[in-house]
Each structure stands twice: as C-alpha cells, then as structure tokens.
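A.B. asks: Residue numbers (the numbering used here): 21 to 354.
Ideal Cβ positions, reconstructed from N, Cα and C, are used throughout, including at glycine.
Please read these numbers as outputs of a predicted model, since none were measured by experiment.
1) Could you round the C-beta distance between residue 301 and residue 288 to whole angstroms and report it? I think they count as a contact, below 8 Å.
2) When you compare only the Cα positions, how much space is there between residue 197 and residue 262?
3) I believe residue 99 touches residue 225 by the beta-carbon criterion, under 8 Å. Please report the beta-carbon distance rounded to the nearest angstrom.
4) Could you tell me the boundaries of the beta strand (DSSP E) in which residue 89 lies?
5) Are residue 348 and residue 252 touching if we call contact CB-CB under 8 Å?
6) Among the candidates 312, 171, 156, 326, whose CA atom is the shortest distance from the CA of residue 227?
7) Would you mind working out which of 40, 328, 331 sits nearest residue 181, comparing C-alpha positions?
8) Considering Cα atoms alone, identify which of 248, 195, 257 is closest to residue 51.
9) Buried or exposed for residue 258, please, with buried defined as at least 16 other CB atoms from any protein chain shown within 10 angstroms of its CB.
10) Using the beta-carbon count (16 or more within 10 Å), is residue 127 buried or exposed?
11) When the Cα atoms are used, what is the spatial distance from residue 70 to residue 112?
12) Kindly give me the distance between the Cβ atoms of residue 306 and residue 317, rounded to whole angstroms, as I take these residues to be in contact under 8 Å.
13) Taking the alpha-carbon of residue 169 as reference, which of 77, 102, 117, 145 has the nearest alpha-carbon?
14) As a quick exercise: from 338, 245, 314, pick the residue whose alpha carbon is nearest that of residue 291.
15) Between residue 112 and the ligand SAH, is there a pair consisting of the residue's CB and a ligand heavy atom that are separated by less than 7 Å?
16) Just list the residues that DSSP pairs residue 302 with in beta bridges.
17) Among the residues of its own chain, which have a CB less than 6 Å from the CB of residue 185, if the five just before and after it don't count?
18) Determine the closest residue to residue 66 out of 268, 202, 137, 200, with distance taken between C-alpha atoms.
19) Give the single residue among 333, 304, 331, 332 whose Cα lies nearest to the Cα of residue 320.
20) In this structure, how does DSSP classify residue 192 when only helix, strand and coil are distinguished?
21) Tell me, which residues are paired with residue 290 by DSSP?
22) From residue 346 to residue 30, what distance separates their C-alpha atoms?
23) At which residue ranges does the region 202-275 contain complete beta strand (DSSP E) runs of 3 or more residues, listed in the order of the chain?
24) How would you label residue 130, buried or exposed, when you count the other beta carbons within 10 angstroms and need 16 or more for buried?
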C-alpha cells in the first residue's frame, strides 16, 4: 500500500523559490492529501460578500501549499502527479477585478463584480447553477461541475523569487488547465533535487481560457499520488514543459451535462496578434449572450470564463491567426 501523508492549509507561500524549506518529505509513490485555501486565500467568503472586493489584498492571492520534497527526484527526471480525489467546499465565487482578464480595458470603468455559487450537492447533480441576477434566467444556466487545481508546479532551477502568477514555461505553476481532473495525470519536468511540489487554487468549474480572470474559486480538499519517473521517453515529451494524460471519458460524467449534440455557439477572432484575436472571439460570445440570452454583459463575461472553450482554429495562414471561442448550448435549460 502507498504511504499516506497530509498537509494543513497553514503551509502556504506566495512565490516560487528553490530555497523555500519543504514542509514534508515523502517517498516516490506516496499519496498526499491537502486542505487548501482558495485562490483568493479565503478572503472571499459567504459571511463577507459585501466588503470582500473592496478589501481584497492581491499580495495574498494564489497561495501555493507546500513545498513537498519527493525522495529520489533529481533534475532531469519527471514528476508524475495522479489526481485521486478533489472535493470542493459548499460554496464558490467568481469575480471581475479591475486590471484583470482578457477584456480588462473594457471593464475597468465599471465596479468590480462578484457572484457566489452554491456547490452543495454538486457532485451528485454533476452541475452547478449560474448565480445570475437576471430573473428570466434564474436557475436556467447549468455549468458542468468539474473540480481541478489551478496551481500545481515544482520549484524552478533559477535562483531568487518568482511570482505565483503567471505560469512558468518548464515547471508548471498557475497553469489553470481545466482538463486536470480526477483520473488524470500531470507530468512536470523536475528542476531541483526533491522537485519541491506545491499546489493550490481549487476550482469547481472553469472554461478554457478563464477569460474574466477567475473561475469558480473554492477551498478544496484533494488527494494526489506523486511518482518520480526516470525513463527517457517521459523526459523527451516533457522536455519543453508540462504534459497531461486526461481522464477517460467514462470517469467524467459532467461532460454529459452539456452534451446536447455537442453544439455550441462559437465566435471567431482573426488577427495577426494572438491576444487580439482572442479578444475579438470573446467579444463575439459576450455579444451573443447579451443579445440572444438577455444577459447583462458583466455576467456574460463571468459565464464565458467558467463555461467557455477557447481553440486555436488556424495558425498557418500567416500573418493572421484564427481563434475560436465557444459557449456550449447544453448549459441553458430549455
């Protein structure tokens, strides 16, 4: 049987650094459970929603829990992280902050926005209800419940301190990739002895791109298995950064919630600049949600962030890229 270990939520740090002392040492193959604060370090809760955004301290955002030293891990090896359990709290939140998100310049003149999600019973239902303030849509938008960790990474080889955001090219970090669900495996190139793994930023749901800057943020309890892999094949396909083996479809029942023939409304953004193409595609979806579904634009932005899907649909006809951004029709209850 695998050895089991536990990490409490007070083992937090707010930068990536190879010199942070490990809070735990485990053998390869060990299972580790974590009690995690959310990506806002639990600054937004059910009991403080009125003042939470005005007092939010960004220096306390995106904490990493750890680091964990894995015995036998050496630079050049690969750390395989298997996701065994991901349990959310009973609530979550999505917010629009000034200066953050793909369309930050279009929302900076508006007050920050916050929506609180009820996550009770979500694991059984397999969906969560978008907390809209629009009466005609209340209870009629169902977002697939698909928990994952936004932050998971190992310490960088470079000395000094590095910010938790943005993600790092070779060591993971705040990668916010919604496909790392239960039953999946993440492969991280090891940069320092012991790997020094840290995790955090629990999400109950997120769209590809997390376009408004937040997902459904939630405190989380998770259980992971860590294994050092020394095979040359693994090293070759992790040479330039992390890789994922996604969970089989039969272990992801939340996908059926938005099936509806797999249909989605997709806007295309075309531009020589990849970020500008992305902005155009996101704007198109927001416009559709506003005009066809009667949503307020800030809520449409948040819904796009937690349920949308970003795709590179064309990258060879230079100088322009084509980015597709879609919203699944299955989230809307008839």
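C.D. replies: Reading it off the structure:
1) Correct: roughly 6 Å between the Cβ atoms.
2) Roughly 11 Å between the two C-alpha positions.
3) No, residue 99 and residue 225 are not in contact; Cβ-Cβ is about 26 Å, not under 8 Å.
4) Unbroken beta strand (DSSP E) run through residue 89: 84-90.
5) Not closer than 8 Å, so no.
6) Ranked by how close their Cα comes to the Cα of residue 227, the residues 312, 171, 156, 326 have 326 in first place.
7) Answer by Cα proximity: 40.
8) Comparing Cα positions, the closest option is 248.
9) Buried.
10) When all chains shown are included, residue 127 counts as buried.
11) Their backbone Cα atoms lie some 15 Å apart in a straight line.
12) About 6 Å separates the beta carbon of residue 306 from that of residue 317, a gap short enough to meet the 8 Å contact definition.
13) That would be 102, whose Cα lies nearest to the Cα of residue 169.
14) Comparing Cα-Cα distances from residue 291 to each of 338, 245, 314, the minimum goes to 338.
15) This structure simply doesn't include the ligand SAH, nor any ligand for that matter.
16) Note: residue 302 sits in no beta bridge, so no partner.
17) In its chain, beyond the 5 residues on either side, 82, 194 have a beta carbon closer than 6 Å to the beta carbon of residue 185.
18) For residue 66, the nearest C-alpha among the options comes from 137.
19) Ranking 333, 304, 331, 332 by Cα distance to residue 320 puts 304 first.
20) Strand at residue 192.
21) DSSP lists 342 as partners of residue 290.
22) Roughly 38 Å separates the two Cα atoms.
23) If only uninterrupted beta strand (DSSP E) runs of at least 3 residues are considered, those enclosed by the region 202-275 are 205-209, 215-223, 240-249, 263-265.
24) For residue 130, the number of other beta carbons within 10 angstroms of its own is below 16, and it is reported as exposed.
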